[in-house]
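Counting from 1 along the sequence shown, just add 42 to a position and that's the residue number in my numbering. Just so you know, even glycine gets a beta-carbon here, dropped at the ideal spot from N, CA and C. These figures come from a predicted structure and were not determined experimentally.
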Amino acid sequence: MHLSGSSASIRQHQPRSCGLVLLGCSPKPCESRGPFGQLLSSPINNAHVVAIDRAPELDRAASQVPCIVERRTMSVHSSFELGDEEIADTPFASRCFYILHPSN
43 MHLSGSSASI
53 RQHQPRSCGL
63 VLLGCSPKPC
73 ESRGPFGQLL
83 SSPINNAHVV
93 AIDRAPELDR
103 AASQVPCIVE
113 RRTMSVHSSF
123 ELGDEEIADT
133 PFASRCFYIL
143 HPSN
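Set out below in structure tokens:
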């Protein structure tokens, strides 16, 4: 299932029944909730695997992605960084990727 736009359309799934891929992760806070309110926390907690792509030079992603990576319910299975010299003058030239699995 591919969802674009707001996380309001995310459905609930059975625990460990799906994977979650966050491409270009730079979530915005929603009203009084933080960026990782219940709408995004539930899919993360119920995923069998979580893959995250982020640009470390984007302040919002740099400050918010650790909220996922450092969860006690998840563990980092692998992580790596890539760079693209052709777009070196943009904040998207460097990318960080994380693959997370449930820690239990």
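Cβ contact annotation for His90 (same chain, cutoff 8 Å, sequence separation greater than five): Arg58, Ser59, Cys60, Gly61, His143 and Pro144, in chain order. Between Asp101 and Glu128, the alpha-carbon positions lie close to 22 Å from each other.
Across the set Leu64, Leu65, Val63 and Asn87, the C-alpha of Asn87 shows the shortest separation from the C-alpha of Arg114.
Comparing C-alpha distances from Ala93 to each of Val63, Gly125, Cys138 and Leu124 shows the shortest one belongs to Val63.
Under the DSSP definition of a beta bridge, Ala93 partners with Val63 and Ile141.
Judged by DSSP in its simplified three-state form, Val107 adopts coil rather than helix or strand.
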